Amino acid sequence: MESSDRVVLNDPERYILKQGGQIFFAVNGQGKPVGCCALIKHAPEGYYELAKMAVSPQYQGRGIGTLLGEALLAYAREHEVRKIVLEGNTRLASSIALYRKLGFQEVPNLNAAYERCNIKMELNIV
């Protein structure tokens, strides 16, 4: 986790929700959170970012990431979001495969906001 992650995660209302973004949670049968992701609005640039996606290790491999991604995309379509970008790392092969399954494509010109990222992907929604 980088310092910019800590800033956002310590005050998600300020940095995500009040900026026009949304946070998505997956919960287990007892109502405990087991996964999450965020859709962060970048107003001046006119796009949104899929960020902070995580699933608890004991729940990985059960399709929770797919469900979170599909919920995020349904919300995006409903709210007329046109473009979603994300930055990731190719060492996380299952994450990259999930993003591709959701329709994201790799794009050139990675100008990464995060040090650990070596791939940029985007999805244009029409």
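All you need for the numbering used here is the position in the sequence shown, starting with 1, plus 1. No residue lacks a Cβ here, since even glycine has one placed at the ideal position from N, Cα and C. Since this is a predicted model, take the numbers as computed values, not measurements.
Compare the C-alpha of residue i against each of the options and name the closest.
i, options, result
"ASP12", "ALA39, GLU107, LYS33 and LYS102", "ALA39"
"GLN23", "ALA72, LYS33 and ASN29", "ALA72"
Kindly indicate which three-state DSSP category residue i falls into: helix, strand or coil?
i, result
"LYS33", "coil"
"ILE24", "strand"
"LEU124", "strand"
"GLU81", "coil"
Taking all protein chains shown into account, decide if residue i is buried (16 or more other Cβ within 10 angstroms of its Cβ) or exposed.
i, result
"LYS42", "buried"
"ARG35", "The residue asked about is misnamed: residue 35 is Val in this sequence, not Arg. By the 10 Å Cβ count, VAL35 comes out buried."
Just how far apart, CA to CA, sit residue i and residue j?
i, j, result
"ARG92", "HIS80", "32 Å"
"VAL128", "TYR49", "Because the chain in this structure spans residues 2 to 127, residue 128 falls outside the shown range and cannot be described."
"TYR16", "ARG78", "22 Å"
Among all the DSSP beta bridges, which residues are the ones paired with residue i?
i, result
"LEU40", "GLN23 and LEU51"
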